[in-house]
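Keeping their order, the protein sequence lines are chains D and A. Residue numbering for the first sequence follows this note's numbering, starting at 54 and increasing by one per position. Residue numbering for the second sequence follows this note's numbering, starting at 24 and increasing by one per position. Don't be surprised by glycine CBs; every beta carbon is placed ideally from N, CA and C.
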Amino acid sequence: MGVMRAIFLDNLEYPGEVFYWLILAMIPLFVMSYVWLSVYRDTSQINGFSLSAMVTYYFVTMIVGRLTGHSAFRLADMVNDGKVSSILLRPIGLMRFLFFESFGGRLINLIISIPPIVFVYFLIKQYITFPQSSEIIFQFLLSVVGSVLIYYSLGFTLGLISFWTLEIGSIFYFYYGLANFLGGGLIPISFFPEQFKQVLSYLPFSYIYYFPASIYLGKMSDFQIWTGILICFIWVIFINFINIKILKMGIKKYSSFGG
Amino acid sequence: MKRYLNLYSIFFKNSLIRMMENRFDFLFRAIPTTLSLCINLLVISFIFSKINAVSGWNKEELFLLLGTYNIVWGIFFGLFIQNMAKINSYISRGDLDLFLTKPINSQFYISIVNPIDFGEAATLILGLILVTRGVSILNIDLNLIQVVTYVMIILSAVTLAYSLWFITMTFSFWIGRVYGLHEAFISFFEINKYPSDIFNGLIKNVFVYFLPLGVMVTFPTKFLLGKLDPILMIWGIVSGFGFLYISHLFWNFSLERYSSASS
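Put into structure tokens, the structure is as follows:
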């Protein structure tokens, strides 16, 4: 928690930049809302989505996207600078440290973002809906925790590549695009072809945006929600298991270099 | 003018030589570009599996728009990204004197001094393929004059993109060090993935006349489709030069403040 607090304060120094990135994060919401507004001029339901469900979908994914983060670049810097060596003896400690550091940063980012998000909310208030029951809110929050953990863990896997190559920038460009698309950040996954959707429900990506937003919109049965949450957390455990294995391999390579 | 062309050709040659030094970079860059294009194509296809039109545009027309988007992006991004990405730090670190003391236009120099990013040629080529495919699928008959006009509107769009990007960068004089300021314009440019017809009323006018993001890709595409109003076509061709001049004013105005602050 001490780490989170330090990051908290660190981020507070540059609220201006947070605002700036937030404006950029709002652009897809803005454009997609207009795309759908124009589409819904002729019809009231598309693929089970009403216009307000659609706008709410992008609003919720935008907020979830404020919370998801990773420390891949931080890890890469540590590896390149040799700073990682002090923590090499306890890899699990390193992973926990980096996670709380990243999550603390995202949390403060979200808190600073509240005024502009509220502002946007008032602009599109007529389309935004809220969950029907406190149970849904609870399930939604649980799925957001899953989303944060999955996004972070996958990012960490990629960050570990920095033990082998310095060039992880373009790999990340790849990852952002793919995770955003397969995660339902561009359009809801229910628009994907049936088989595509089937495959995706077993992969970790859809738990990043689509799953939480669908729970929020009340589009899933209790059974779907709980199996989804189960699959999501199995993925989190599995990815982190793999991450520990790769980290240990990386450390082995790293120390053989130094010694 | 001739001197500037000469200078530019020297810079261009240098960039080419640098590119040839690491040729694999091109292949490496082509992969994410192709991926993001595929994603955009899939998104449009998936949306159109459930609907028939977006603001009067059908699926193939949107593919054509996406092709034009990639052409414009490939050119302006490839030519200027390395330069725009550095302007903020030149200004906030006080390295600007290097540019002001040269006997050529400082805006010109600061915009081209760093190498061209030839990796973006992949985007340009994919865009050309998509447009060629669209033209044949939509049975568009083009004569030479129309092709030339299309190229002119594209070049104007590139000038427009450069100018708006450069204007954004002049804000560095006023707001100081902002990490990734150049990303702001790139994010706004992505609005062009969809036709500006999705907007209406005031916002549409803003995007056509005051912050002409809606001109850069929608106009050339509409021209190919034969749907562009002749008056708007003229705007599409001249807006680039107009905004180039405005960017020049922004630069000079900010420079005056910069020099008076330092003395």
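Scanning its chain for C-beta atoms nearer than 8 Å, with the 5 sequence neighbours on each side dropped, one finds around A:Phe222 the residues Phe230 and Gly237, in chain order. Looking at A:Ile190, A:Glu83, A:Phe141 and A:Ile67, the one whose alpha-carbon comes closest to that of A:Leu50 is A:Phe141.
When C-beta distances to chain A are compared with 7 Å, the residues of the stretch 76-92 of chain D below that value are Leu77, Ile80, Val84, Tyr87, Val88, Ser91 and Val92, in chain order.
Residue-level contact by beta carbon fails for D:Gly237 and chain A, as no gap is shorter than 7 Å. The Cβ of D:Phe245 sits closer than 7 Å to at least one Cβ of chain A.
Of the residues assessed, A:Leu187 falls on the buried side of the cut-off, its CB having 16 or more other CB atoms within 10 angstroms.
Between the beta-carbon of D:Pro241 and that of D:Tyr93 there is about 14 Å, and that puts the pair past the 8 Å contact cut.
Annotated three-state conformation of A:Ser129 is helix, per DSSP. Excluding residues up to 5 positions away in sequence, Leu87, Gly90, Thr91, Ile94 and Leu247 lie with their Cβ nearer than 8 Å to the Cβ of A:Val154 in the same chain. Rounded to the nearest angstrom, the gap between the Cα atoms of A:Asp118 and A:His271 is 20 Å.
In the DSSP assignment, the residues bridged to A:Trp80 are A:Val77. Pairing A:Ile104 with A:Tyr185, the inter-Cα distance amounts to about 10 Å.
For a cut-off of 8 Å, the C-beta gap from D:Ile299 to D:Thr218 is around 13 Å, too long to register as a contact.
Pairing A:Leu251 with A:Trp258, the inter-Cα distance amounts to about 11 Å.
Taking a beta-carbon distance threshold of 7 Å, A:Val66 counts as an interface residue toward chain D. Closer than 7 Å to the CB of A:Pro55 there is at least one CB belonging to chain D. Listed along the chain, the chain A residues whose CB falls inside 9 Å of the CB of D:Gly230 are Pro55, Leu58, Ser59 and Ile62. For D:Tyr262, there are no C-beta contacts with chain A under 7 Å, since the nearest C-beta of that chain is about 14 Å from it. When beta bridges are read from the DSSP output, D:Ser103 appears opposite D:Gln98. Counting only runs of 4 or more residues that sit fully inside the stretch 220-273 of chain A, the alpha helix (DSSP H) segments are 224-228, 236-239 and 241-247, in chain order.
One finds Phe51, Arg52, Ile54 and Pro55 in chain A with Cβ atoms closer than 9 Å to the Cβ of D:Ser223, taken in chain order. The beta carbons of A:Met256 and A:Met192 sit about 29 Å from each other, so the pair does not count as a contact at 8 Å. Relative to the Cα of A:Thr56, the nearest Cα in the group A:Lys73, A:Met42 and A:Trp96 belongs to A:Trp96. Using a Cβ distance threshold of 7 Å, D:Pro265 and D:Trp288 do not count as a contacting pair.
Residues of the stretch 161-172 of chain D with a Cβ closer than 8 Å to any Cβ of chain A: none.
A:Lys73 and D:Phe244 do touch by the CB rule: their CB atoms are close to 6 Å apart, below 8 Å.
For A:Tyr31, the enclosing alpha helix (DSSP H) starts and ends at Lys25 to Glu44.
Residues are counted here when their Cβ sits less than 7 Å from a Cβ of chain A; for the stretch 95-108 of chain D these are Ile99 and Asn100, given in chain order.
Separation of A:Glu83 and A:Gly157 (C-alpha to C-alpha, rounded to the nearest whole angstrom) is 7 Å. In the structure shown, A:Asn166 adopts coil according to DSSP, grouped into three states. Contact between D:Ile268 and D:Ile284 does not hold, since the beta-carbon distance rounds to 14 Å and is not under 8 Å. Taken in chain order, the complete alpha helix (DSSP H) segments of 4 or more residues contained in the stretch 202-257 of chain D are 222-235 and 247-255.
Counting along the chain, A:His205 sits inside the alpha helix (DSSP H) bounded by residues His205 to Phe212. Taking the Cα positions, D:Met107 is about 19 Å away from D:Arg119. For the stretch 208-221 of chain A, the residues whose beta carbon sits under 8 Å from a beta carbon of chain D are, in order, Ser210, Phe211, Glu213, Ile214, Lys216, Tyr217, Asp220 and Ile221.
Listed along chain D are Ser91, each with a C-beta nearer than 7 Å to that of A:Ser78.
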